[in-house]
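S.K.: Dumping the structure here so I can ask a few things about it.
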């Protein structure tokens, strides 16, 4: 069964601290995407990781992909309140002539002032 | 910028009504998707389309149908709405082929009374 697991599911952290969200997946794929979702809103694309060893950074967030370990990480540096949201990873798999996502469970992040 | 729009942000319907959710994208993307998102269940794929007039069932197609008469528009139809179809519905589109991310619309929160 195809599975994409994120941990932790919930994360409460103080401003200024660092933390890492993990995304493990069970199928072969070299394409992984990270999204952010604010309450009641849609998904906003954060990072596109398209090969083994890919690393992308935007502000206080950095994402990486290890396709051999089937693992992606989203690292938060010196968290600020504005980063409070739910973060999803999604793995791309081939399906009937196109590609579809398998989404992770999501990590709800709360940054406390 | 890619833009995916959905016809309504909020919708309230009665049990048994026929409901149409419309999604339009302006970037000439080949692939379009409909998801529903429920607390604790994550994002689940209802239907997708990889070309005009082509449609494929996702993971939870029961109770839904879709229509794609034009490339830019993908409609989700609830033939006879039921209370268990109360949910957040998200449309997404992406360019054909691999290595392309999905772009999401703002979502429609549907309540079926």
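Residue numbers (the working numbering), protein chains in the order written: chain L, 1 to 113; chain R, 1 to 113. Note that CB positions come from ideal geometry on N, CA and C, so glycine has one too.
#1: Taking just the CA atoms, how far does residue 56 (chain L) sit from residue 45 (chain L)?
#2: When the distance is taken between beta carbons, is residue 43 (chain L) closer than 8 Å to residue 48 (chain R)?
#3: Using beta carbons (cut-off 8 Å, strictly below), is residue 103 (chain L) in contact with chain R?
#4: Would you say residue 92 (chain L) reaches chain R, if we count a Cβ-Cβ gap shorter than 8 Å as a contact?
#5: Cβ-heavy atom distance between residue 30 (chain R) and the ligand SAH below 7 Å?
#6: Kindly indicate which three-state DSSP category residue 5 (chain R) falls into: helix, strand or coil?
#7: Starting from the beta carbon of residue 96 (chain L), find every residue of chain R whose beta carbon is closer than 7 Å, and list them in chain order.
#8: With DSSP run on the structure shown, which of helix, strand or coil describes residue 29 (chain R)?
#9: Residues of chain R with CB closer than 8 Å to the CB of residue 100 (chain L), please, in chain order.
#10: Quick one: Cα of residue 66 (chain R) to Cα of residue 75 (chain L), how far?
#11: Look at the alpha carbon of residue 81 (chain L) and the alpha carbon of residue 35 (chain L), and state the distance between them as a whole number of angstroms.
#12: 8 Å is my cut-off, CB to CB: does residue 80 (chain L) come that close to chain R?
#13: Which residues does DSSP pair with residue 75 (chain L) in a beta bridge?
#14: At a CB-CB cut-off below 8 Å, which residues of chain R make contact with residue 33 (chain L)?
#15: Per DSSP, what kind of secondary structure is residue 83 (chain R) in: helix, strand or coil?
#16: Along the region 40 to 69 of chain L, what residues have a CB closer than 8 Å to any CB found in chain R?
#17: Quick one: what's residue 7 (chain L) bridged to in DSSP?
#18: Could you check the C-alpha separation between residue 85 (chain R) and residue 44 (chain R) for me, to the nearest Å?
#19: Pick helix, strand or coil for residue 11 (chain R), following the three-state DSSP scheme.
#20: Report the three-state DSSP secondary structure of residue 38 (chain R) (helix, strand or coil).
M.R.: On the basis of the supplied data:
#1: Reading the first chain from its first residue, position 45 is the one you call residue 45 (chain L). Reading the first chain from its first residue, position 56 is the one you call residue 56 (chain L). Rounded to whole angstroms, residue 45 (chain L) to residue 56 (chain L) spans 13 Å at the Cα level.
#2: Residue mapping note: residue 48 (chain R) aligns to position 48 of the second chain, counting from 1. Residue mapping note: residue 43 (chain L) aligns to position 43 of the first chain, counting from 1. Not a contact, by the Cβ cut-off of 8 Å.
#3: Taking the first chain and counting its residues from 1, one reaches residue 103 (chain L) at position 103. With 8 Å as the cut-off, residue 103 (chain L) counts as an interface residue toward chain R.
#4: Along the first chain, read from residue 1 onward, the residue named residue 92 (chain L) stands at position 92. Yes, its Cβ sits closer than 8 Å to a Cβ of chain R.
#5: As for the ligand SAH, it is missing from this structure, which has no ligand bound.
#6: Counting from 1 along the second chain, the entry for residue 5 (chain R) is found at position 5. Looking at residue 5 (chain R) - three-state DSSP - the assignment turns out to be strand.
#7: On the first chain, residue 96 (chain L) is found 96 positions in, with the first residue counted as 1. 56, listed in chain order.
#8: Sequence index remark: in the second chain, residue 29 (chain R) carries index 29 (1-based). In the structure shown, residue 29 (chain R) sits in coil (DSSP, three-state: anything other than H, G, I, E or B).
#9: Here residue 100 (chain L) corresponds to residue number 100 of the first chain, with the count starting at 1. 33, 45, 48, 58, listed in chain order.
#10: For the purposes of this step, residue 66 (chain R) is taken as the residue at position 66 of the second chain. For the purposes of this step, residue 75 (chain L) is taken as the residue at position 75 of the first chain. Between residue 66 (chain R) and residue 75 (chain L), the C-alpha separation is close to 39 Å.
#11: If you number the first chain from 1, residue 81 (chain L) lands on position 81. If you number the first chain from 1, residue 35 (chain L) lands on position 35. Answer to the nearest angstrom: the Cα atoms are 18 Å apart.
#12: Within the first chain, numbered from 1, the residue matching residue 80 (chain L) stands at position 80. It does not; no Cβ of chain R falls within 8 Å.
#13: In the first chain, residue 75 (chain L) corresponds to position 75, counting from 1. Answer by DSSP bridge pairing, in chain order: L:20, L:62.
#14: Indexing the first chain from 1 puts residue 33 (chain L) at position 33. Simply 101, 102.
#15: For the purposes of this step, residue 83 (chain R) is taken as the residue at position 83 of the second chain. Reduced to three states, the DSSP call for residue 83 (chain R) is helix.
#16: 40, 41, 42, 43, 44, 45, 48, 50
#17: If you number the first chain from 1, residue 7 (chain L) lands on position 7. Answer by DSSP bridge pairing, in chain order: L:22.
#18: Along the second chain, read from residue 1 onward, the residue named residue 85 (chain R) stands at position 85. Along the second chain, read from residue 1 onward, the residue named residue 44 (chain R) stands at position 44. Straight-line Cα distance between these residues: approximately 13 Å.
#19: By one-based count along the second chain, residue 11 (chain R) stands at place 11. Strand at residue 11 (chain R).
#20: Translated into the one-based positions of the second chain, residue 38 (chain R) becomes position 38. Looking at residue 38 (chain R) - three-state DSSP - the assignment turns out to be strand.
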